[in-house]
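Taking it in order: structure first as structure tokens, then the write-up.
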């Protein structure tokens, strides 16, 4: 059994239910909102990554930029969401990220019980730009591969080639510094 944050309501595990539909246009709009978070994070020094949590009613509930090499936007967002919301609610939510989450971030999404992942570009594309940069030792481990080894059927949407160039633009100069 899983307990909600207030421990008063017992929920069966794994907590799952139906996800509300999300159109491709809605997904792209939310990826662009995550990109605005990424651009803001880059202005203050951290890496240009951003994520948003979208509720079942299609509103953005949380925003998070990268903090550092270990505190990625998606991981921090999933942790904050898990502390704030019950697992059954999070199952109907979507984590939207500018880029494909790494294995650590995908694991955090899984353990937080977030039911859908949407991302703009594949991790491979980022690796092409960062190379062996010490602050981004990118792993070639797609999020779909990570999630395929779990017990939950998390929906995954991405990449979105039509906005890939826009999303990767901040990374082109950032990793050359």
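Numbering (full-length UniProt numbering), first residue to last: 1 to 177.
Glycine is no exception: its CB is placed at the ideal position from the N, C-alpha and C atoms.
As the structure is a prediction and not an experimental result, all values here were calculated from the model.
In the three-state scheme derived from DSSP, where H, G and I count as helix and E and B as strand, residue 143 is classed as helix. Sequence-distant partners of residue 61 (beyond 5 residues in either direction) whose C-beta falls short of 6 Å from its own C-beta, in its chain, are 53, 55. Excluding residues up to 5 positions away in sequence, 53, 78, 81, 90, 91, 93, 94, 95, 154 lie with their Cβ nearer than 8 Å to the Cβ of residue 114 in the same chain. Membership of residue 60 in the beta strand (DSSP E) is indicated by the continuous run 60 to 65.
For residue 155, the enclosing beta strand (DSSP E) stretches over residues 155 to 157. Beta-bridge partners of residue 54 (DSSP): 60, 94. Annotation: residue 168 to residue 101 spans about 14 Å, alpha carbon to alpha carbon. CA-CA distance, residue 45 to residue 99, rounds to 18 Å. With fewer than 16 other beta carbons inside 10 angstroms of its own, residue 161 counts as exposed. A residue is called buried once 16 or more other Cβ atoms fall within 10 Å of its Cβ, and residue 150, having fewer, is exposed.
Contact between residue 64 and residue 51 holds, with the beta-carbon distance rounding to 5 Å and staying under 8 Å. Annotation: the continuous beta strand (DSSP E) that includes residue 117 extends over 116 to 121. Burial check for residue 43: the Cβ neighbour count within 10 Å stays below 16, so the residue is exposed. Annotation: residue 67 to residue 37 spans about 12 Å, alpha carbon to alpha carbon. The Cβ neighbour count for residue 118, taken over all protein chains shown within 10 Å, is at least 16; the residue is labelled buried. Remark: C-beta atoms of residue 41 and residue 74 do not approach each other more closely than 8 Å.
Annotated three-state conformation of residue 150 is coil, per DSSP. Going by beta carbons, residue 141 and residue 112 fall outside the 8 Å limit.
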